[in-house]
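Written out below as C-alpha cells is the structure these notes cover.
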Amino acid sequence: MNQLNNIDIVRNIKDNISIIDHIQKFISLKHSGRDYLGICPFHDDHKPSMRVSEDKSLFHCFSCGSGGDVIGFHMKYNNLDFPSALKELAEIAGVQMPSRSQNIKTKSNTELLYKINIFANKFFIANLKQTAEGKKAFNYLATRGIEKDSLERFSIGYSINEWNGLATKLSSKNVPIKLAEQLGLIIKSAKAPGGFYDRFRGRIIFPIVDLNNKVAGFGGRTLFDEIPKYLNSPESPVYNKSSILYGLNETRNDIRKDNRVIIVEGYIDLLSLYQNGVKNVVATLGTSLTSNHAKLLKRFCENMVIIYDGDKSGINASLRALDVFLKHGVAPFVVVLPHDEDPSSLIEKIGKEKFLSLINSAKPLIDFYFENILDELNSGTKSRNSIIKEIVEKLSLFSDTINRSFYTKKAAEMFGLREQEIYSLLKNANPKALNQAGSNNSQSKNSYELIFLKVLLHYPHFIEKIRDDNILDLLEEEILKGIINVYIQSDFSDIASLINHFDDNESRQIISELLLSSEDIENEHIADKIFEQSYRRIKLQSIKKEQRKIKSRLKSDANNKEPDFEIKLLKEYDNLVKLEKNLSGQVYGA
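If you read the sequence shown in the working numbering, its first letter stands for residue 222, the second for the next number, and so on.
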C-alpha cells in the first residue's frame, strides 16, 4: 500500500473528486458565472447564499460563514471527523489510504498504549466475572438496576482491592511498565512490591472509549461511599478528558437520529437510561462540560438537554454549562430534579415514558439561570448591580439576535430598566455581541489586514514584497497572523490546500471567503495598488500603536531617574511621527 501522508491523500482526493459533482449529491447547484450557487444546508437559508468554485475547489456561504474544500463539506454535512471523512472520500476517489503512519515510532507507541488499555480492561472484566470480590460488585450493580446486558455492552469490570494485582499481571506478561505508568494504570512507589502499585483498587471499572472504539482510559467507582467515590485515569497521550464523553461511541447514532442529546453526570446514570430505552445520552464523567465537549456534540445534533443530579453541585454544574453552550451558538435545555434524585433513580422509579415526558418539557437553561439569579437577588446573596452586570455578560454570548432581543427585554422588565439601557451596557461589555447573528467571520476583523491577506492569497508572488519585513509583528489580528505565517512559510502549488493546514473553523472559513470573493482584485494592476495601500495602512496602525505605548510610558514613568529617559522616548516618538507623516502622504484618504 502506498505510504502517503495526509497532505498527499488530500491532494489526490481533490484531484479525483469534483467539488461541484460531490456537493450536488446533497444539494442543488445552479451555474452563476464561473462559479455555482446553492441553498446553504448549514443554516436556515432561503436564497442561494453558498458559492462553490470548481477552479479553486472551495465552497463558502456568505450568510453563515461555513466554508472549506470538498473534505470540509463532507465532514460538516455528514457530521464526521477528519479521519472518517478522509477515509470515505478516499474510497469514492479510489485513493489508497496508508496502512502505516510515516511517523512509525509515534504510531507504534500510541497503538501499544491502546493495547495495554485493552489488556487492563480484559483483566478487570475477568475480575468481575471470576472472583469473590467481583461477585459482590456484580450484586451491587444489580441493586442499582444495572443489567447483565449493559455490563457486557459497556465492557464493565472490577479492580481487586489489593495493592498490585494489575501491576503484577502486567509484569508477568512483559508489558512495558513505563507505558502502563504513563497511562496512569499503575503508580510508582519505592515502598510497593516491584516499585509500582495499582491506581484502581476495590472499584467497579468503566472503560472510557473514544469515537474510534478504542479504550482511552478508565473510571473507577467504589462499592460504598469512600472518598473519592469516583477516580478517573489521568490525562495521557490517548486520553484527554476535556475532549471525550462517556458512551458517545455507543450512542452517537441515536443522538443523530433524534437530533437531541441528554447529558448526564455519571456512568450509572447513562447505563440506567440506555437500558431503559433512552439511548441518546452521554455522560460528562463528573467533570465540567468543556468547549470541546460542546463542539463534539454539535457534530451530532442541535438540541442539548442537561439532566444532572438534583443537589447543589448538580445545579451549579448545569449553570456553568450555560456559558460554554452559548459561546458555541447552542441554546441548551435543563431538567431540574428534586434534591434527592438523580437520572438513574428517577428513570427506575417512573419508567421511560414519564422520563421522556420530563425531557420533552425541559425548560431553556437561560430561563433557569434567570430564575436562579432572581432568587439570589431576593435573598440578598448578590447586589442588584452585580447581577445586572452578570446578565449583560450572558447576553453578550448569544450568537442569534432573536434570542438576545427576547432575553434583553426580559432583563429590562426584571430590573425596571429600558431595553436601550441594557443594550448600552451590552455594547460596552462586548461591541461584537451586537453584530448580526450568522455574519461572516471576517466582518469583525481588521479590514486592512483582511484586504492584505486577500490579495496575498490571490497573488502569491506578492509574498516577495514582504519576505524581508517582520510582517507578523505589524499585524493586530491573531487569527490572521496565524494564516499568513503558515502561508508565507510554505509552498502551496494549490492555494486552496492552505485550508487543510487549519483545524479551527474560523481560519478555514476566512480563507474560503477570501478566496471566493475576488471580483474587486481580478485586475493585477489594481490588486497591486490595493496591496500597497493596505500594507501602508498596516504599517501606519503599527506606528500609531507604538506612539501610544511611548505616551503611556512617559505618563506612567514620569518619576524615572534614568539619565535622558524622557529625551530617549521623545526622540523615538519624533522618529515615529516622521515615519507616520511619510506613510500618510502615500495613503489615500489618510
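Beta carbons are placed, not taken as given, at the ideal position from N, Cα and C, and that holds for glycine.
Just so we're clear, the structure is a prediction, and the values are computed from it rather than from any experiment.
Test item: CB-CB of residue i and residue j under 8 Å
i, j, result
"residue 614", "residue 594", "no"
"residue 698", "residue 670", "yes"
"residue 341", "residue 234", "no"
"residue 695", "residue 706", "no"
"residue 443", "residue 420", "no"
"residue 564", "residue 463", "no"
"residue 468", "residue 426", "no"
"residue 400", "residue 302", "no"
"residue 771", "residue 727", "no"
"residue 837", "residue 345", "With the chain represented from 222 up to 811, any question about residue 837 goes unanswered, as that position is not in the structure."
"residue 536", "residue 551", "no"
"residue 506", "residue 415", "no"
"residue 331", "residue 459", "yes"
"residue 294", "residue 244", "yes"
"residue 482", "residue 518", "yes"
"residue 387", "residue 372", "no"
For residue i, three-class secondary structure by DSSP
i, result
"residue 457", "strand"
"residue 635", "helix"
"residue 256", "strand"
"residue 441", "strand"
"residue 272", "strand"
"residue 664", "Confidence in residue 664 is poor, its pLDDT being 48 and thus under 50, which makes the residue's placement unreliable; the coordinate value appears in the next sentence. Helix at residue 664."
"residue 800", "helix"
"residue 426", "strand"
"residue 504", "strand"
"residue 652", "Per-residue confidence for residue 652 stands at a pLDDT of 48, beneath the threshold of 50, marking its modelled position as unreliable; the derived number appears in the next sentence. In this structure, residue 652 counts as helix in the three-state DSSP scheme."
"residue 521", "coil"
"residue 378", "strand"
"residue 419", "strand"
"residue 686", "helix"
"residue 397", "coil"
"residue 288", "strand"
"residue 585", "strand"
"residue 343", "helix"
"residue 465", "coil"
"residue 680", "coil"
"residue 336", "helix"
"residue 251", "strand"
"residue 231", "helix"
"residue 452", "strand"
"residue 531", "coil"
"residue 265", "coil"
"residue 619", "coil"
"residue 385", "coil"
"residue 166", "Here the chain covers residues 222 to 811 and nothing more, so residue 166 does not appear."
"residue 602", "coil"
"residue 791", "helix"
Presumed contact (8 Å Cβ cut-off) between residue i and residue j, rounded CB distance
i, j, result
"residue 283", "residue 240", "Between residue 240 and residue 283 the Cβ distance is about 17 Å, and since that is not below 8 Å, they are no contact."
"residue 318", "residue 308", "6 Å"
"residue 504", "residue 466", "7 Å"
"residue 576", "residue 586", "Their Cβ separation, rounded to whole angstroms, is 19 Å, which puts residue 576 and residue 586 out of contact at 8 Å."
"residue 430", "residue 470", "5 Å"
"residue 748", "residue 679", "7 Å"
Segment limits, beta strand (DSSP E) that includes residue i
i, result
"residue 360", "Segment 353-364 is the alpha helix (DSSP H) holding residue 360; no beta strand (DSSP E) there."
"residue 525", "524-527"
"residue 552", "Here residue 552 belongs to no beta strand (DSSP E), and DSSP marks it neither H nor E."
"residue 481", "481-485"
"residue 367", "Counting along the chain, residue 367 falls outside any beta strand (DSSP E), and DSSP gives it neither H nor E."
"residue 832", "The requested residue 832 is not part of the displayed model; the chain covers only 222 to 811."
Element boundaries [alpha helix (DSSP H), containing residue i]
i, result
"residue 281", "Careful: residue 281 lies outside any alpha helix (DSSP H), inside the beta strand (DSSP E) at 279-282."
"residue 720", "Premise fails: residue 720 is in no alpha helix (DSSP H) and is neither H nor E."
"residue 562", "Taken as a continuous stretch (DSSP letters only), residue 562 belongs to no alpha helix (DSSP H), as it is neither H nor E."
"residue 310", "303-314"
"residue 434", "Element bounds for residue 434: n/a, residue is neither H nor E."
"residue 404", "Counting along the chain, residue 404 falls outside any alpha helix (DSSP H), and DSSP gives it neither H nor E."
"residue 610", "605-616"
"residue 243", "240-244"
"residue 496", "488-496"
"residue 317", "Note, residue 317: premise wrong, no alpha helix (DSSP H); not H, not E."
"residue 701", "699-710"
"residue 692", "692-695"
Cβ of residue i within 8 Å of any chain D Cβ
i, result
"residue 428", "Considering every chain present, this structure includes no chain D. It has just one protein chain."
query: Would you say the stretch 489-505 touches the stretch 352-371, given that touching needs at least three Cβ pairs under 8 Å?
result: yes
- prompt: Given 8 Å as the limit, is there contact between the stretch 452-461 and the stretch 522-530, that is, 3 or more CB pairs closer than that?
  reply: no
field: Segment contact flag, the stretch 469-483 with the stretch 343-353, C-beta cutoff 8 Å, min 3 pairs
entry: no
task: Would you be able to state if there are at least three C-beta pairs under 8 Å between the stretch 528-543 and the stretch 479-491?
output: yes
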